[in-house]
Amino acid sequence: MPRLTAAQRHPVHFMLNGHPAHLEAEPRLLATDALRHSIGLTGTHVGCEHGVCGACTIQIDGVPARACLTLAIQLEGCEVRTVEGLAPAPDRLSVLQDAFRRHHALHCGFCTAGILMSVDAFLKAAPDPDEAQVRDVVGGHLCRCTGYTAIVAAVLDAAAILRGSDAHV
178 MPRLTAAQRH PVHFMLNGHP AHLEAEPRLL ATDALRHSIG LTGTHVGCEH GVCGACTIQI
238 DGVPARACLT LAIQLEGCEV RTVEGLAPAP DRLSVLQDAF RRHHALHCGF CTAGILMSVD
298 AFLKAAPDPD EAQVRDVVGG HLCRCTGYTA IVAAVLDAAA ILRGSDAHV
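Once you know that position 70 of the sequence shown is 247 in this note's numbering, the rest is easy, because the numbers rise by one and skip nothing.
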């Protein structure tokens with residue numbers, strides 16, 4: 178299929194991890210491809226491309242969304258957050274990321290970015306979750322390496338730390 182001309186592309190302006198972002202998008206360009214190839218943020222992984230595995234989860238206006246099911250043009254005017262936006266500084270992990278590290282809640286790491294994005298939003302809405310709630314959230318993600326036990330422990334640990342501080346997830 179031939180590439181569209183510049184006149185057939187649409188300008189897309191949005192906030193990305195707290196900074197203005199702009200790209201020219203063909204109508205069929207997926208958010209995963211825009212983030213990874215047009216912008217160069219490769220933390221959003223492409224897994225099943227059907228919205229099932231959760232590896233591509235980002236936040237759009239604070240709500241977890243599957244980037245493989247979102248068109249880039251749908252990002253217009255939105256606040257988009259990717260896993261690259263979780264850390265408070267380039268040399269520091271967020272409380273949630275650090276809990277994953279301490280609990281060995283990642284193995285190959287392919288699913289981790291998407292899980293972190295879902296859990297980050299979840300902990301903002303439910304700062305004192307129980308194990309069943311955490312399992313429900315991470316159950317929307319496929320992980321073939323960890324068995325989820327360490328992930329659940331990391332999330333509960335991060336929630337406890339966040340409740341006792343003013344830190345950001």
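Glycine included, each C-beta is placed from N, C-alpha and C at the ideal position.
Roughly how many angstroms separate the alpha carbons of residue i and residue j, rounded to a whole number?
{"i": "Leu252", "j": "Ser271", "result": "25 Å"}
{"i": "Glu201", "j": "Asn194", "result": "19 Å"}
{"i": "Leu333", "j": "Thr323", "result": "16 Å"}
{"i": "Gly286", "j": "Arg205", "result": "28 Å"}
{"i": "Leu273", "j": "Ala242", "result": "19 Å"}
{"i": "Arg269", "j": "Arg321", "result": "27 Å"}
{"i": "Ser295", "j": "Ala211", "result": "20 Å"}
{"i": "Gly316", "j": "Thr234", "result": "13 Å"}
{"i": "Ala309", "j": "Met192", "result": "33 Å"}
{"i": "His199", "j": "Glu256", "result": "12 Å"}
{"i": "Ile338", "j": "Gly224", "result": "31 Å"}
{"i": "Val311", "j": "Ile328", "result": "9 Å"}
{"i": "Asp313", "j": "Glu226", "result": "22 Å"}
{"i": "Ser215", "j": "Thr209", "result": "10 Å"}
{"i": "Gly254", "j": "Leu218", "result": "19 Å"}
{"i": "His222", "j": "Cys288", "result": "8 Å"}
{"i": "His187", "j": "Asp307", "result": "44 Å"}
{"i": "Val229", "j": "Asp305", "result": "27 Å"}
{"i": "Leu293", "j": "Glu203", "result": "29 Å"}
Rounded to whole angstroms, how far is the Cβ of residue i from the Cβ of residue j, which I believe are closer than 8 Å?
{"i": "Val189", "j": "Ala244", "result": "With 8 Å as the limit, Val189 and Ala244 do not qualify as a contact, their Cβ atoms being about 14 Å apart."}
{"i": "Ala298", "j": "Gly220", "result": "Incorrect: roughly 16 Å between the Cβ atoms, too far for contact."}
{"i": "Ala336", "j": "Leu300", "result": "6 Å"}
{"i": "Gly231", "j": "His318", "result": "3 Å"}
{"i": "Ala276", "j": "Ala331", "result": "4 Å"}
{"i": "Leu207", "j": "Thr259", "result": "Between Thr259 and Leu207 the Cβ distance is about 14 Å, and since that is not below 8 Å, they are no contact."}
Identify every residue that forms a DSSP beta bridge with residue i.
{"i": "His187", "result": "Ala202"}
{"i": "Glu256", "result": "Met192"}
{"i": "Arg243", "result": "Thr234"}
{"i": "Arg269", "result": "Ala266"}
{"i": "Leu207", "result": "Leu248"}
Should residue i go down as buried or exposed, given a rule of 16 or more other Cβ atoms within 10 Å for buried?
{"i": "Gln185", "result": "exposed"}
{"i": "Thr326", "result": "exposed"}
{"i": "His341", "result": "Before going on, a small fix: residue 341 reads as Gly here, not His. Exposed is the call here."}
{"i": "Arg213", "result": "buried"}
{"i": "Ala303", "result": "exposed"}
{"i": "His280", "result": "buried"}
{"i": "Ala266", "result": "exposed"}
{"i": "Arg278", "result": "exposed"}
{"i": "Arg197", "result": "According to the sequence displayed, residue 197 carries Pro and not Arg. Looking at its Cβ environment, which holds fewer than 16 other Cβ atoms inside 10 Å, Pro197 is exposed."}
So is the beta-carbon of residue i under 7 Å away from any non-hydrogen atom of the ligand ATP?
{"i": "Leu248", "result": "In terms of ligand content, the structure shown is empty, and the ligand ATP therefore cannot be addressed."}
Just to confirm the assignment: which complete beta strand (DSSP E) runs, minimum length 3, are found wholly within the stretch 279-332? DSSP runs (the beta strand (DSSP E)) wholly in the stretch 279-332: none.
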